[in-house]
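J.:
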Amino acid sequence: MGQAAWKGFAQSLFDYKTAKFVVAKSKKVGLLYRLLQLTILLYLLIWVFLIKKSYQDIDTSLQSAVVTKVKGVAYTNTTMLGERLWDVADFVIPSQGENVFFVVTNLIVTPNQRQGICAEREGIPDGECSEDTDCRAGESVVAGHGLKTGRCLRVGNSTQGTCEIFAWCPVETMSMPTDPLLKDAEGFTIFIKNFIRFPKFNFSKANVLETNNKDFLKTCHFSSKNLYCPIFRLGSIVRWAGADFQDIALKGGVIGIHIEWDCDLDKAASKCDPHYYFNRLDNKHTKSISSGYNFRFARYYRDPNGVEFRDLMKAYGIRFDVIVNGKAGKFSIIPTVINIGSGLALMGAGAFFCDLVLIYLIRKSEFYRDKKFEKVKGQEEEASVELEANDTEQPEDKPPEGGQQDEHPQELVQNSRKHNSNCQELLEPARSGLQEKAILNVKQPQILQTVKT
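Take the sequence shown: its letters are residues 1 to 453, numbered as in my numbering.
Below, the structure is given as structure tokens:
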């Protein structure tokens, strides 16, 4: 029996199994299946391949370098500073030009500060006092300008005053002009040079037109029809960002300059163009006491006696952040095959859904379910069923020649049962696969049966 089992196993290795297809003549399910196929096909063609270009290998590891230059001059005439001409060295910080730079549009100047003893400015809680014990010597004034000396300075008969401090005196003024100091900054120009490279495809490009004309950058300005002249007017950038120049120039703000590179390398390199858009990064609608953008810096000098003094400047202005993003794509067989396989899998999911509708949801679902799932019995089970059918057959009685009936019908039934039992014993070797029996004929006086295995 072991050899037969191994033989059967070896033969089963060469068996081929295939699916059985049932064609259901149902117009509703057929229409639903075709609609699902059409939807999946349109999804693959339009969204996956045409819009998302999923047949391409994508490189998002963009390498970028940004160089900026600001040009322009402004003239001011104030009581504090007098007549003054402002150029790039005065209002652009830092001067070397990076992807983040600052243009001064407003200024509060506290001139001629020297280190000495003076009163702390009013309005600072830690600098207020009513007696000398409120000003402990050597302590710094929180959010103030210097170190406390231990004295409380009061004006006249006032009970409240401010602490005396050692600091750069006089301390910074809180006055602020109602108009921007550098109104002419709206007409300044900004040159933004951007170099990019996609290392996966070894593709490089710049946003400046490749030309031998040396006067090109001196005469051109950026527009939607002139993408390769990255010279922008400062006022135009602010307007494209949705801000008002006079408002942002007074208290400052942050503007984002975005450069997007979306390159389809299956096309010519000239089709890979930069796209620009601008927005204000600080929230101008938030009502905050710290809105805008400003910082302080000082310029130091020495008098003829060698004593150091400085001019403190609180600068308001616009900070520009140049942000570069991009991706490049090129045809590759691997993502193409993967997406086609995904589409075929969706087709299979559509067929599975239609099967559920066919065998469970429609009116004749039980009929289709019986046709789809067919129960097939093995040879041994068929032989057993055949044997049971023979058991249920009734013997046909024949009258004797003399016109008389058999006097012992019970004996005939018992003999028939014994015969069936003998047949079952003979069938056992055939079921185990050891021997086969073709035809078994057993005769009794009035009964004849044939069993095939």
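Idealized CB from N, CA, C, for every residue including glycine. All figures in this text were calculated on a predicted structure; none of them were measured in a lab.
#1: Relative to the C-alpha of K327, which candidate in T336, F198, K284 and A143 has its C-alpha closest?
#2: What is the residue span of the alpha helix (DSSP H) that P335 lies within?
#3: Give the secondary structure of K27 by DSSP, where H, G and I count as helix, E and B as strand, and everything else as coil.
#4: Does the Cβ of F14 have 16 or more other Cβ atoms within 10 Å, making it buried, or fewer, making it exposed?
#5: Going straight from the alpha carbon of S64 to that of D264, what length do you get?
#6: Which runs of the beta strand (DSSP E), 3 residues or longer, sit entirely within the segment 181-239?
#7: Quick check on DSSP: helix, strand or coil for D321?
#8: Cutting at 6 Å between CB atoms, please list the residues of its own chain near S365, excluding the five before and the five after it.
#9: Would you mind sorting H275 into buried or exposed? The rule is 16 or more other CB atoms within 10 Å of its CB.
#10: Is C96 helix, strand or coil by DSSP?
#11: So for P125, helix, strand or coil by DSSP?
#12: Please go through the same chain and pick out, in chain order, the residues whose beta-carbon is closer than 7 Å to the beta-carbon of G51, but skip the five residues on each side of it.
#13: Going by beta carbon distance, what residues of the same chain come within less than 8 Å of N226, once the five residues before and after it are set aside?
#14: Can I117 and T149 be called in contact, C-beta distance under 8 Å?
#15: Using CA atoms only, rank isn't needed, just tell me which of N157, R121 and S130 is closest to V141.
#16: Determine the extent of the alpha helix (DSSP H) in which F91 is found, giving its start and end residues.
#17: On the criterion of 16 or more Cβ atoms from any shown chain inside 10 Å, does P177 qualify as buried, or is it exposed?
#18: In or out: V73 buried (at least 16 other Cβ within 10 Å) or exposed?
#19: From F91 to T159, what does the alpha carbon distance come to, in whole angstroms?
#20: Going by the DSSP bridge assignment, what does G329 pair with across the sheet?
#21: Can you tell me whether DSSP reads K69 as helix, strand or coil?
#22: I'd like to confirm the pairing. Which residues does DSSP put opposite I259 in its beta bridges?
#23: Less than 8 Å between the beta carbons of V70 and I190, yes or no?
#24: Counting only the same chain and skipping the five closest in sequence on each side, list residues whose C-beta sits under 6 Å from that of V48.
#25: So is F367 buried or exposed if we call it buried at 16+ other beta carbons inside 10 Å?
#26: Between V29 and L44, what straight-line distance do the alpha-carbon atoms span, to the nearest angstrom?
#27: Would you mind reading off the limits of the beta strand (DSSP E) that contains K148?
#28: Return the chain-ordered list of same chain residues with a C-beta closer than 8 Å to the C-beta of R299, the five sequence neighbours on each side being excluded.
#29: Alpha carbon to alpha carbon, how far is F352 from L31? Give it in angstroms, no decimals.
#30: Roughly how many angstroms separate the alpha carbons of F166 and Y316, rounded to a whole number?
#31: From this set, A268, I318, K251 and W240, which residue's C-alpha is nearest D291's C-alpha?
#32: Does DSSP put V142 in a helix, in a strand, or in coil?
#33: Taking C-beta to C-beta, are I257 and F320 nearer than 8 Å?
#34: Is it buried or exposed for Q11, if we count other Cβ within 10 angstroms and need 16 for buried?
T.: Reading off the structure:
#1: The shortest Cα separation from K327 among T336, F198, K284 and A143 belongs to F198.
#2: In this chain, the alpha helix (DSSP H) harbouring P335 covers I333 to L356.
#3: In the structure shown, K27 sits in a helix (DSSP, three-state: H, G or I).
#4: Taking a 10 Å sphere around the C-beta of F14, we find fewer than 16 other C-beta atoms and assign the residue as exposed.
#5: Between S64 and D264, the alpha-carbon positions lie close to 18 Å from each other.
#6: Within the segment 181-239, the complete beta strand (DSSP E) runs of at least 3 residues are 189-198, 203-206 and 231-233.
#7: D321 falls in the strand class under three-state DSSP.
#8: Around S365: I359.
#9: When all chains shown are included, H275 counts as exposed.
#10: Rather than Cys, the amino acid found at residue 96 in this sequence is Gln. DSSP places Q96 in coil when its eight states are reduced to three.
#11: Residue state, collapsed to three classes: helix.
#12: The amino acid at residue 51 is misidentified as Gly; the sequence shows Ile. Only residues of its own chain outside the window of five on either side were considered, and among them none has a CB closer than 7 Å to the CB of I51.
#13: These residues qualify, in order along the chain: C220.
#14: Taking 8 Å as the Cβ cut-off, I117 and T149 qualify as a contacting pair.
#15: The candidate whose alpha carbon is nearest that of V141 is R121.
#16: Per DSSP, F91 belongs to the alpha helix (DSSP H) from V88 to F91.
#17: Counting Cβ neighbours within 10 Å, P177 comes out exposed, since fewer than 16 surround it.
#18: With fewer than 16 other Cβ atoms within 10 Å, it is exposed.
#19: Roughly 44 Å separates the two Cα atoms.
#20: Partner(s): I58 and D264.
#21: Reduced to three states, the DSSP call for K69 is strand.
#22: In the DSSP assignment, I259 is bridged to Y276 and V324.
#23: A contact, by the Cβ cut-off of 8 Å.
#24: Taken in chain order, the residues that qualify are S54 and N339.
#25: Around the Cβ of F367, a 10 Å sphere holds fewer than 16 other Cβ atoms; the residue is exposed.
#26: Going by the C-alpha atoms only, they are around 23 Å apart.
#27: Looking at the DSSP string, the run of the beta strand (DSSP E) that includes K148 is L147 to R154.
#28: The answer, listed in chain order, is R310, D311 and M313.
#29: Across the structure, L31 and F352 are spaced so that their CA atoms are roughly 15 Å apart.
#30: When only Cα atoms are considered, F166 and Y316 end up about 27 Å apart.
#31: According to the sequence shown, residue 291 is Ser rather than Asp. If we check each option's Cα against that of S291, K251 comes out closest.
#32: The answer is coil: DSSP assigns V142 none of H, G, I, E or B.
#33: Going by beta carbons, I257 and F320 fall inside the 8 Å limit.
#34: The residue is exposed, with fewer than 16 neighbouring Cβ atoms inside 10 Å.
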